[in-house]
Every structure is written in C-alpha cells, then in structure tokens.
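Residue numbers (my numbering): 3 to 165. We put the CB at the ideal spot given by N, CA and C, even for glycine. Here the structure comes first, spelled out in structure tokens, and everything after it is commentary.
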Ligand SMILES: [Zn+2]
C-alpha cells in the first residue's frame with residue numbers, strides 16, 4: 003500500500019485515508035518527532051509532511067484523497083521550485099486550500115524511488131535536512147506526469163506569483 007515499501011507487519015496506527023503500512027507510518031512519525039524536538043530541524047518539517055502525503059495518495063476515487071494529494075503536491079512544488087520565507091509560504095498555502103475543490107484526480111506513480119523508511123535512519127542526525135530534501139526531490143520527480151497540471155493549478159490559484 004502507499005509508497006510500496008515492503009515492510010514487516012506491525013501493529014500500529016495508520017492514517018484514515020492515506021494508506022500506509024504501520025511500519026511506514028512509524029518511520030514517518032520518527033522523522034516528525036525529531037523535527038518537533040529541534041528548532042534546527044523545523045525547516046524540514048513541511049517538506050516531510052508534504053512528501054509523505056504524496057507518497058500515500060490513497061484512492062483517487064475518494065474526494066478527500068484527491069484534494070489532499072493535489073494540495074500537498076502544490077505545496078511541495080512551491081517549496082522545491084520557488085522557496086519563500088515561512089510567512090509567505092503560509093499565505094500561499096492558505097490560498098491553495100480555499101481552491102482545493104477544483105483539484106482533479108491524478109495518475110498515481112507506480113513506484114517511489116526513495117521512501118520514508120530510507121530516510122528515517124537519519125532522523126535527528128546532521129543528515130536529517132539533506133536527506134529529507136533528497137526524499138522530497140525524488141518524490142516530486144516520481145510525480146512528473148502531474149507537474150504540468152499542478153504548475154498550472156498553482157499559477158491559477160496562488161495569490162503570489164510563482165516562477
Ligand atoms: Zn509508505
């Protein structure tokens with residue numbers, strides 16, 4: 003399910019409509035825990051959330067899942083291609099959220115080359131930020147079929163110009 007990581011079955015919580023295995027969700031949570039406990043890692047936090055979300059798009063027959071994946075892809079694009087100060091990023095993202103109903107279902111990549119479980123071993127280390135960035139960039143590339151659509155959606159709905 004989700005990012006396609008083959009993992010041992012463990013008992014644990016999973017997200018309601020982002021399908022993932024409990025072990026993958028645990029890897030995601032270890033990244034979040036490290037980010038919440040260090041100011042230096044907070045910069046990576048948004049990327050971690052958006053990257054994990056677009057690796058677990060759920061079924062594109064579910065409207066919530068469609069809106070979720072579209073919004074997270076738009077946020078990912080913004081951070082990777084035209085980074086802004088946090089306050090501006092927040093403003094653009096709020097604007098995106100208001101238009102999420104216009105998002106359409108997307109073709110989900112068959113496979114992701116880098117997954118949360120590949121990054122989790124670096125949680126809280128000096129490689130944390132660079133590894134999260136590598137994961138985010140690889141994931142954005144895995145979604146290349148959706149780039150054109152997301153780019154035009156962002157251009158239409160971002161109140162600030164996106165290069
Ligand atoms: Zn996963």
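Assigned secondary structure, residue i (DSSP; H/G/I helix, E/B strand, else coil)
i	result
residue 95	helix
residue 70	helix
residue 61	coil
residue 108	coil
residue 47	helix
residue 116	coil
Near ligand 1: residue i beta-carbon under 7 Å from a heavy atom
i	result
residue 32	no
residue 138	no
residue 67	no
residue 117	yes
residue 130	no
Chain-order list of residues whose beta-carbon lies under 8 Å from that of residue i (same chain, five-residue window excluded)
i	result
residue 106	68, 72 and 151
residue 113	6 and 144
Nearest-angstrom Cβ-Cβ length linking residue i and residue j, presumed shorter than 8 Å
i	j	result
residue 39	residue 122	Not quite, the Cβ-Cβ distance comes to about 15 Å (not below 8 Å), so this is no contact.
Beta carbon proximity, residue i to chain D, threshold 8 Å
i	result
residue 130	Protein chains in the displayed structure number just one, and chain D is not present.
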